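S.K.: Numbering (the working numbering), first residue to last: 569 to 742. Quick one: structure below, then a few questions.
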């Protein structure tokens, strides 16, 4: 799994400017198939789970507590509605945290004060009081995926992609 693919997918250099609307579905399918076949998808998933559980924000517990709060309050009554709502809240808080971090990359106070995720989605005071007290993360009290986790998983994903895909710059040897 840690070795490059014996038959890497050739990716044209122009693919770096692709958007979701202009992606080549065949190219994407080839890359996805190799990632699955060679076990890289499992590696990425394992790394994501490990990073989330190892991060001091205790993100999995915050999500679980938020889901329980939604169920107990009657805000959601079915599992599909619960999953939809939790994903929506995670996306909202993650987007808000990213926006706050990008607007003030030199100061962590903007992220702390700008991400009012805990109170917006109802998980603030009733969940993970310990994580708010320990000050370990600027996203405490929200459901935002910690930036350190995102960065670590992106690094592993890039390594996996580099193992199965080769950018063809158009130059030929010979």
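Here a beta-carbon is modelled for each residue, glycine too, at the ideal position from N, C-alpha and C. Note that the structure is a prediction, hence the values are computed from the model and not measured.
How about residue 615 and residue 721: are their beta carbons less than 7 angstroms apart?
M.R.: Start at 1 with the first residue of the chain shown, and residue 615 comes out as number 47. Start at 1 with the first residue of the chain shown, and residue 721 comes out as number 153. The answer is yes: Cβ separation under 7 angstroms.
S.K.: Relative to the ligand MN, is the shortest distance from any of its heavy atoms to the C-beta of residue 590 smaller than 6 angstroms?
M.R.: Ligands displayed in this structure: none; no statement on the ligand MN is therefore possible.
S.K.: Which class does residue 624 belong to by DSSP, given the choice of helix, strand or coil?
M.R.: Within the chain shown, numbered from 1, the residue matching residue 624 stands at position 56. Of the three classes helix, strand and coil, the one that applies to residue 624 here is coil, per DSSP.
S.K.: Hey, residue 627 and residue 718 are a contact pair by Cβ (cut 8 angstroms); roughly how many whole angstroms apart?
M.R.: In the chain shown, residue 627 corresponds to position 59, counting from 1. In the chain shown, residue 718 corresponds to position 150, counting from 1. Rounded, the Cβ-Cβ distance is 11 angstroms, inconsistent with contact.
S.K.: If you pair each beta-carbon of the region 651 to 658 with each one of the region 628 to 638, do three or more pairs fall below 8 angstroms?
M.R.: These segments touch.
S.K.: When DSSP builds the beta bridges, which residues end up paired with residue 578?
M.R.: Here the question's residue 578 lines up with position 10 in the chain shown. Partner(s): 734.
S.K.: How many Å lie between residue 671 and residue 664 at the Cα?
M.R.: The count along the chain shown starts at 1 and reaches residue 671 at position 103. The count along the chain shown starts at 1 and reaches residue 664 at position 96. For residue 671 and residue 664, the distance between alpha carbons rounds to 11 angstroms.
S.K.: Quick one, which of 725, 736, 658 and 734 has its alpha-carbon nearest residue 604's?
M.R.: Here residue 604 is taken as the residue at index 36 of the chain shown, counted from 1. That would be 725, whose Cα lies nearest to the Cα of residue 604.
S.K.: Have a look at residue 711 and residue 660 and give me their C-alpha separation to the nearest angstrom.
M.R.: In the chain shown, the residue the question calls residue 711 occupies position 143. In the chain shown, the residue the question calls residue 660 occupies position 92. Residue 711 and residue 660: Cα-Cα distance of roughly 8 angstroms.
S.K.: So, for residue 644: in the same chain, excluding its five sequence neighbours on each side, which residues have a beta-carbon less than 6 angstroms away from its beta-carbon?
M.R.: As a working mapping, residue 644 is identified with position 76 in the chain shown. Taken in chain order, the residues that qualify are 638, 650 and 653.
S.K.: Can you look up residue 713 in the DSSP assignment and give me helix, strand or coil?
M.R.: Sequence index remark: in the chain shown, residue 713 carries index 145 (1-based). It is coil, neither helix nor strand.
S.K.: Using 8 angstroms for Cβ pairs, my map puts residue 735 next to residue 589. What's the rounded Cβ distance?
M.R.: The residue labelled residue 735 in the question sits at position 167 within the chain shown. The residue labelled residue 589 in the question sits at position 21 within the chain shown. About 21 angstroms separates the two Cβ atoms, so there is no contact after all.
S.K.: So, under 8 angstroms CB-CB, residue 731 and residue 608 are touching, yes? Tell me the CB distance rounded to an integer number of Å.
M.R.: The sequence position of residue 731 within the chain shown is 163, counting from 1. The sequence position of residue 608 within the chain shown is 40, counting from 1. At roughly 7 angstroms, the Cβ-Cβ gap stays under 8 angstroms, so residue 731 and residue 608 are in contact.
S.K.: Between the C-alpha atoms of residue 646 and residue 633, what's the straight-line distance to the nearest angstrom?
M.R.: Translated into positions along the chain shown, residue 646 becomes position 78. Translated into positions along the chain shown, residue 633 becomes position 65. When rounded, the distance between both Cα atoms is 16 angstroms.
S.K.: For the alpha helix (DSSP H) that residue 671 lies in, which residues bound it at each end?
M.R.: On the chain shown, residue 671 is found 103 positions in, with the first residue counted as 1. 647 to 671 is the span of the alpha helix (DSSP H), which, as asked, contains residue 671.
S.K.: Quick check on DSSP: helix, strand or coil for residue 643?
M.R.: Numbered from its first residue, the chain shown carries residue 643 at position 75. Coil, per DSSP.
S.K.: Can you tell me which of 586, 666, 620 and 600 puts its alpha carbon nearest to the alpha carbon of residue 577?
M.R.: Translated into positions along the chain shown, residue 577 becomes position 9. Closest option to residue 577, Cα to Cα, is 600.
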